[in-house]
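One line per chain: the protein sequences are A and B, in this order.
Take the position in the first sequence, starting the count at 1, then add 31; the result is the number in our numbering.
One point on numbering: in our numbering, the residue at position 158 of the second sequence is 139, and numbering is uninterrupted.
Shown next, in structure tokens, is the structure this report addresses.
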Amino acid sequence: MYIRTLALSIALVTLSSIPSYANEEQVSVLYNKFTTFLFTKDIVEAKISSADYKLEMSGRYLLVRARNAQVATASLFVVYGKEKHSYVAALYPSNKAPLKRHIQESVPVAPVAAEAAPKHIAEALFANSPAQEYYSIGMKRQGGEVILTNILHVAQDTYLRFFIYNRTSIPFTVPYHSFENVTYTSRVPFFAKKKKKSVETTYAPATLKVAAKSGAYFVFSVPTYASGDGLDVFLGEGSGERGFHIFVPSKLLLHAPRQQSTNQ
Amino acid sequence: MMPRSYRSPYLLALLLIWLVGASPAGATPLLRNVGGIYGVALEGGFSTISPLGGASWSYALSKHWYLQAHLAAAYRAHKRNPYYGAMLQPAVGYVLWSDERRYFLSGLAGMSMLYESRKKNKQGAFNAGLILGAGLEVSLIGQLSLLISGAPTVFFLKRTYGQIDFCMAAGLKLSF
């Protein structure tokens, strides 16, 4: 009896350790004609992460069609209304898709409210990615947590998505950031030497501010580069002394997923 | 009629953990085994002499290095001559390999301070030794993980049960 209980427990524990992924909205669109998305307010900005989908917009109407039935899933990102509501969906082609879709008022993309910059296509790229892929790349310091959650290669760039959690009661502003490719020339303990090469970001949030007791995702992108050992990321606080050094090992960067096509 | 084992509260608790762990879609991201993270664990296992149970505390200094203190009690029932033991093991650990997600393999080195007694001897004996072991941490749900560790101990002083001991333990760890 105990052996059977133990076996069942192990099975349950194993099942529980299967990663859970976020429920992104999967939306089918037609490929022989346009599918119309009707929003409650005027559309401000709309982007699709793949050139395999055609996009047109006018007022509250967004028209989308796939080039053919075989195109891959892509991310749709729409900002609408004066309050800048956002709508994110994963699109796939289907001949059974409805001709018209009514989109209700959106829910925030980030799990916790934060004062983030207006969303960009770079952030929509991760709409199909798991909420978190990496768990041990980050830093916890003085009530702040910086977590590298996802990496995605798109064309010539590497997109890094961070989750910044501010557990303190004062806002956390990060105006300084730097990215450096690192290669160790000596690994002797206490005498390690490394060669650093500064990297300019190809995309960075306009403002990076996290309100008190909240968290938000932020996306940076740098040119793809296979460094010897990894990428050193520094995020520095504006109104304080906190600095977050995060080292992203090369093995993660080299094996991160790649998005095949994009209209960026 | 369900077999008895399926109705046990232990299994229901595990089922609940599984359901909770499988459901959250937009859960807040979390960190595992990076500098600044504390951990407490409850473990059970056995040494060459007796079964043992204990608790441990750990603090991650960096992504690789961490400190650990393990407190354990051992007891083996015997009609006329039961065995009692208590040990404290401060150690330093180093994460040798991880998949950056849920598996963390580490090496561990430290000291073992042991007090043991048998009823027949009446008086207990202190001993100290060195431990050198390995541990595997498998993250289950959120900050809860499964720990499996094994460590041989070499004691400095002579002992009835030999100067080399080996203990294996498994348990659950909560990080925060």
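Positions of the beta carbon are idealized from the N, C-alpha and C atoms, including for glycine.
- Nearest to Leu113 of chain B by C-alpha distance, out of B:Gly26, B:Phe157, B:Leu155 and B:Ser93, is B:Ser93.
- Rounded to whole angstroms, the separation of the alpha carbons of Ile277 of chain A and Arg218 of chain A is 19 angstroms.
- The beta carbon of Ile79 of chain A lies closer than 8 angstroms to those of Leu86, Val95, Ala105, Ser106, Leu107, Phe108, Leu122 and Asn294 in the same chain, with the five residues before and after it left out.
- DSSP places Lys171 of chain A outside any alpha helix (DSSP H); the residue lies instead in the beta strand (DSSP E), whose first and last residues are Gly169 to Arg172.
- For Arg132 of chain A, the closest C-alpha among the options A:Leu93, A:Phe203 and A:Gly267 is that of A:Leu93.
- Note on Glu231 of chain A: under 16 other CB atoms within 10 angstroms of its CB, so exposed under the neighbour-count rule.
- By the CB criterion at 9 angstroms, His51 of chain B and Gly34 of chain B fall outside the cutoff.
- Annotation for Lys131 of chain A: the continuous beta strand (DSSP E) segment containing it runs Lys131 to His133.
- Under DSSP, Lys226 of chain A shares a beta bridge with A:Thr214.
- The C-beta of Leu239 of chain A has 16 or more other C-beta atoms within 10 Å across all chains shown, which makes the residue buried.
- Closer than 9 angstroms to the CB of Ala22 of chain B there is not a single CB belonging to chain A.
- Positions of the beta strand (DSSP E) runs, each at least 3 residues long and wholly inside the region 79 to 121 of chain A, are given as 84 to 89, 92 to 97 and 105 to 111 in order along the chain.
- Legend: CB atoms of the region 139 to 154 of chain B lying less than 8 angstroms from CB atoms of chain A are not found in any residue.
- Assigned with DSSP and collapsed to three states, His286 of chain A falls in helix.
- For Gly246 of chain A, the beta-bridge partners assigned by DSSP are A:Tyr196.
- According to the DSSP assignment, Ile145 of chain B belongs to the beta strand (DSSP E) that extends over Ile145 to Ser156.
- Proximity of Val15 of chain B to chain A, defined by a Cβ-Cβ separation below 9 angstroms, is satisfied.
- Gly25 of chain B is positioned such that its CB atom lies closer than 9 angstroms to that of Gly152 of chain B.
- Below the 7 angstroms Cβ cutoff, chain A contributes no neighbours of Ile129 of chain B, its closest Cβ being approximately 12 angstroms away.
- Pairing Val185 of chain A with Ala287 of chain A, the inter-Cα distance amounts to about 11 angstroms.
- Contacts with chain B at 9 angstroms (Cβ-Cβ) include Arg172 of chain A.
- Here Asp80 of chain B is not bridged, per DSSP, to any residue.
- CA-CA distance, Gly91 of chain B to Asn181 of chain A, rounds to 36 angstroms.
- With respect to Ile195 of chain A, Ile168 of chain A sits apart: the two C-beta atoms are not nearer than 9 angstroms.
- Between the alpha carbons of Pro63 of chain B and Arg57 of chain B lies a gap of roughly 6 angstroms.
- Here DSSP, grouped into helix, strand and coil, assigns Ala128 of chain A to coil.
- Among the residues of the region 224 to 257 of chain A, those with a Cβ less than 9 angstroms away from any Cβ of chain B are Gly246 and Tyr248, in the order of the chain.
- At a cut-off of 9 angstroms between C-beta atoms, Ala162 of chain A counts as an interface residue with respect to chain B.
- For Val219 of chain A, there is no enclosing beta strand (DSSP E), as DSSP gives it neither H nor E.
- Within chain B, the residues whose beta carbon sits less than 7 angstroms from that of Ile168 of chain A are Glu81, listed in sequence order.
- Shown here for Leu117 of chain B: same chain residues with a beta carbon closer than 6 angstroms to its own, the five before and five after excluded, namely Leu86 and Ile129 in chain order.
- Close to chain B, meaning a Cβ-Cβ distance shorter than 8 angstroms, are the following residues of the region 174 to 197 of chain A: Glu176, Ile178, Thr180, Phe194 and Tyr196.
- For Pro10 of chain B, a Cβ of chain A is located within less than 9 angstroms of the residue's own Cβ.
- Checking the DSSP bridge columns, you'll see Thr67 of chain A partnered with A:Leu94 and A:Lys131.
- Assigned with DSSP and collapsed to three states, Ala162 of chain A falls in coil, not helix or strand.
- The beta carbon of Leu266 of chain A does not come within 9 angstroms of any beta carbon belonging to chain B, so the residue lies off that interface.
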